[in-house]
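Working notes for the structure below.
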Amino acid sequence: MIRTRVIRTMGISLIAGGAIAFGLPAYAAQGLYSADDLMDADVYDRNGEEVGEVENVLLDDNMSVHSLVIKTGDVLGLGGRDVVTERGTFTLRMEEDDNNEFDDLDYEIHMEATQDEIKALPEYDESWWNQTSDAMSQAWENTKETSRSAWQDTKQATSSAWQNIKQGVDSMSDGAEDEVKN
Numbered sequence: 001m002i003r004t005r006v007i008r009t010m011g012i013s014l015i016a017g018g019a020i021a022f023g024l025p026a027y028a029a030q031g032l033y034s035a036d037d038l039m040d041a042d043v044y045d046r047n048g049e050e051v052g053e054v055e056n057v058l059l060d061d062n063m064s065v066h067s068l069v070i071k072t073g074d075v076l077g078l079g080g081r082d083v084v085t086e087r088g089t090f091t092l093r094m095e096e097d098d099n100n101e102f103d104d105l106d107y108e109i110h111m112e113a114t115q116d117e118i119k120a121l122p123e124y125d126e127s128w129w130n131q132t133s134d135a136m137s138q139a140w141e142n143t144k145e146t147s148r149s150a151w152q153d154t155k156q157a158t159s160s161a162w163q164n165i166k167q168g169v170d171s172m173s174d175g176a177e178d179e180v181k182n
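The opening residue of the sequence shown carries number 1 in the numbering used here; numbering runs sequentially from there.
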């Protein structure tokens, strides 16, 4: 009887909780961001001055953000240049707005750089793309070679340890046989 009451009480709680959850507006999850909403987000320098907007999001092989392309220095959409800033040099924040709902998110990008440092960032062009792509490919090849080498070293060390153990056991076995014979 107590078990039935507990089950009934839990069931009612779950149904009521579910109804409440579905009745509330859906807000964006912390740590989950929309790339579509990130596009054209305003970008601010270290001093809080607007320096541009997000033009593109570049992903690495793991589908993680590698870099952002930022349009800087344009006037009324004309001129300016596209620069690249790598992950770790900026933070993403929700725009201060009480109405940030699931389908209407606004982001801000805040950089730890001054306007002069932002102007000195590499330009997003074919040369940058090729150089970065080559560097990432080379880093991957180095990682594979290091892993292969580490695996070989581990195999050799394991084999050597196994041989040492085997010799030790054989030696102990010979010693035990000698003791039994005496």
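Note that CB positions come from ideal geometry on N, CA and C, so glycine has one too.
Where residue i falls, given that 16 or more other Cβ within 10 Å makes a residue buried
| i | result |
| --- | --- |
| Ala-19 | Confidence is the limiting factor: at Ala-19 the pLDDT is only 36, short of 50, which leaves the residue's position unreliable and the question unanswerable from this model. |
| Asp-134 | exposed |
| Thr-91 | exposed |
| Ile-165 | exposed |
| Thr-158 | exposed |
| Ala-35 | exposed |
| Asp-82 | buried |
| Met-63 | exposed |
| Thr-85 | buried |
Near the ligand NAD: residue i beta-carbon under 6 Å from a heavy atom
| i | result |
| --- | --- |
| Glu-50 | Of ligands this structure carries none, so the ligand NAD is not represented either. |
First through last residue of the beta strand (DSSP E) which encompasses residue i
| i | result |
| --- | --- |
| Leu-59 | 50-59 |
| Leu-68 | 65-72 |
| Glu-108 | 107-111 |
| Tyr-44 | 42-44 |
Straight-line Cα distance separating residue j from residue i
| i | j | result |
| --- | --- | --- |
| Lys-71 | Asn-142 | 33 Å |
| Gly-80 | Glu-123 | 11 Å |
| Ser-67 | Ser-160 | 46 Å |
| Trp-162 | Met-172 | 15 Å |
| Leu-32 | Asp-125 | 29 Å |
| Ser-137 | Asp-60 | 11 Å |
| Thr-132 | Glu-55 | 18 Å |
| Thr-89 | Gln-156 | 42 Å |
| Asp-116 | Thr-146 | 39 Å |
| Lys-119 | Ser-149 | 42 Å |
| Val-51 | Tyr-107 | 15 Å |
| Glu-95 | Gly-73 | 22 Å |
Local conformation of residue i per DSSP, three classes
| i | result |
| --- | --- |
| Arg-87 | coil |
| Ser-159 | helix |
| Met-94 | strand |
| Asp-116 | helix |
| Asp-174 | helix |
| Met-136 | helix |
| Asn-142 | helix |
| Lys-166 | helix |
| Asn-47 | coil |
Cross-strand partners of residue i (DSSP beta bridge)
| i | result |
| --- | --- |
| Tyr-33 | BP columns for Tyr-33 are empty, so no partner. |
| Arg-81 | Thr-72 |
| Glu-123 | Val-83 |
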